[in-house]
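Just below is one structure, and these are the notes that go with it.
Residue numbers (the numbering used here): 151 to 824.
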């Protein structure tokens, strides 16, 4: 009887909560958000001069005021993927972006559509002068190291397709290195790469400075290929159609103005990004780029990009024109299609993209709540049959706690993302939560006490190490025991901070603003947080770069900013997930020495994840050797060597050989299991 009564109560509660969620979501869907500030993003390339011209001329502000827009904010991004991250976070209304990044973003759930074109062609391959002098065909690129935009970008897609069409395997016949434009320019100037494939005006700038020579234009690789587009959020499309039409009108006017006043366009661009105007003008003569605004021109090649991305595994499904484009607004503005006349009884609607909607959120939340209640039911009914100190072990052993963790965190994620935190890029996605809780079963045996002193290094054969360490010490509430300074870790806290491998800087914030970000969230007064940030900026050798943006920094400098940001909040323990993995060998060794100096000055505990045995032995007091799957700590190696350590000493080599032998055994066992 007691069990039946408890079940009825729990079902009733679940139904009530589900009804509340549905009603709340329905109310949100019925009420369109009023937009007072329009957020536009662009990149520092001549492709996006239409946005810059409209801003310089005041057209954005003037022509959007009658729609209730009080402020137009435009922010520069180094490339397309960060723009898509911002748009998925709801921080962006309109993006000037390459047509390729939206493909992968829409595939992953971005609610947005391409509504107008920006340009076709406009990139070029640049080789070192001595290589360019002997270049005759794509065959000459075999064995070279070429830097271009990250995977899934337009240059990456075009380059790999062109190489394959010419019988060259982009995976084995040469090395394609993903880099942001600023880093790529620095790399070819330092001769760290043999060539680059970048958008204008970067190729001309490199050529004029004598660091390289243009050998192939992208229009020769893929004639009249789509390059950049105007991407609008789903909210604009569905809830503010008239505002979107006016945005398209401004874009068309700015594009046509630039075509007729090309010298003025060069002046506007140079002033916006801080480049030499004469070099910008010369870049117009060394490119095959064409500014356009008709999205119908870009549809064929964009669908080809989608096909290439699907074949390369960048997307899970082959996207169609309806998935990517909504040309109805452009057609009405330009008269290609007549504006529909609504009847008095019917309000015209625009079919939304097949992407997650508030209804999806409701379903996910309700299902999560139901499963969580079932777990509570299980707990209350059977708790008398279990000893209290065995409950966690019982649940953990059966793998149920992972499922409950998924449900609870997804609920929190949905609610916080919807009602509290606008910057949703700071939150893990449900998929990431699922991976962290379901695939990672065990990090450290639950019956041992772990004390992390000085420099601890987690060394393993797979990325699972980074995921589990982040889950254990950082974001998630954990069921496994982790103790810091005698206190169990049960939730996120200021005493821990993460430094990531991929820099994770906000591209629209300056160095100073990036470093002060954590301090802002801690509500520290402006003067105090700037004083703290400047102290660490000076310590990391960034003095004089406070007002620069990430795209203006080298990879090493970006990582310094990430470390300064972490240190600024004064954590007890610093978590570092392969922070030097993206650096070249020389920079990596330099940063290892600098990190030791920072460690000595700050006396912080550092937990450092790496796949490099040399790096582990050079830095660590103790090295935790991990297995590949599941991530378990199998060996702890103490490093008794004094600092600064000599990498060529017999003692150093002995410890390195010991760890390599351990890893070799574990890798062989893993391969045998597979």
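Just so it is clear, CB atoms sit at the ideal spot from N, CA and C, and this is done for glycine as well. Quick caveat: nothing in here was measured; it's all calculated off a predicted structure.
- As summarised for the stretch 348–404, the continuous alpha helix (DSSP H) elements at least 4 residues long and confined to that stretch are 352–358, 368–371 and 384–389, given in chain order.
- Taken in chain order, the complete beta strand (DSSP E) segments of 3 or more residues contained in the stretch 711–750 are 723–727.
- When the Cα atoms are used, residue 299 and residue 698 turn out to be separated by approximately 21 Å.
- Here the alpha carbons of residue 191 and residue 385 stand approximately 16 Å from one another.
- Under the 10 Å beta carbon count, residue 204 is surrounded by 16 or more other beta carbons and is classified as buried.
- Distance between residue 392 and residue 483, taken at the CA atoms: about 10 Å.
- Proximity of the stretch 275–294 to the stretch 339–359 meets the contact definition, three or more beta-carbon pairs being nearer than 8 Å.
- Excluding sequence positions up to five before and after residue 795, its CB lies within less than 7 Å of the CB of 768 and 802, all in the same chain and listed in chain order.
- The beta carbon of residue 466 is closer than 7 Å to those of 257 in its chain, skipping five residues each way along the sequence.
- The Cβ-Cβ distance between residue 377 and residue 269 falls below 8 Å.
- The three-state secondary structure of residue 694, taken from DSSP, is coil.
- Apart from sequence neighbours up to five positions away, no residue of its chain approaches residue 735 with a beta-carbon distance below 7 Å.
- For residue 688, the enclosing alpha helix (DSSP H) covers residues 676–689.
- For the set 713, 738 and 719, the Cα lying nearest the Cα of residue 726 is the one of 713.
- By the CB criterion at 8 Å, residue 397 and residue 247 fall outside the cutoff.
- As summarised for the stretch 179–257, the continuous alpha helix (DSSP H) elements at least 4 residues long and confined to that stretch are 199–206, 209–214, 230–238 and 250–257, given in chain order.
- Counted as a single uninterrupted DSSP element, the stretch harbouring residue 303 is not any alpha helix (DSSP H), since DSSP gives it neither H nor E.
- For residue 292, the three-state secondary structure derived from DSSP is coil.
- In this structure, the straight-line span from the alpha carbon of residue 399 to that of residue 251 is close to 24 Å.
- According to the DSSP secondary-structure assignment, residue 273 is paired through a beta bridge with 349.
- Out of 454, 358 and 774, the CA that lies nearest to the CA of residue 432 is found in 358.
- As the crow flies, the alpha-carbon of residue 415 is around 27 Å from that of residue 383.
- When C-alpha distances from residue 320 are compared across 292, 684 and 688, the shortest belongs to 292.
- A direct Cα-to-Cα measurement between residue 195 and residue 810 gives close to 46 Å.
- In this structure, DSSP gives residue 758 an extended state, which the three-state scheme calls strand.
- C-alpha of residue 230 to C-alpha of residue 653: approximately 16 Å in a straight line.
- The beta carbon of residue 670 is closer than 7 Å to those of 679 in its chain, skipping five residues each way along the sequence.
- Each of 646, 337 and 266 was checked against the Cα of residue 449, and the nearest Cα belongs to 266.
- The stretch 323–334 makes no contact with the stretch 416–426: fewer than 3 CB pairs, one atom from each, lie closer than 8 Å.
- In the same chain as residue 436, and ignoring 5 residues on each side of it, the C-beta atoms closer than 6 Å to its own belong to 354, in chain order.
- A contact is defined here as three or more CB-CB pairs under 8 Å, and the stretch 686–703 meets this definition with respect to the stretch 658–666.
- Per DSSP, residue 653 lies in no alpha helix (DSSP H) and is assigned neither H nor E.
- Taking every protein chain shown into account, the CB of residue 362 has 16 or more other CB atoms within 10 angstroms, so this residue is buried.
- Here residue 787 is near residue 805, since their CB atoms are less than 8 Å apart.
- Membership of residue 327 in the beta strand (DSSP E) is indicated by the continuous run 325–328.
- Shown here, residue 811 sits in a helix according to DSSP, grouped into three states.
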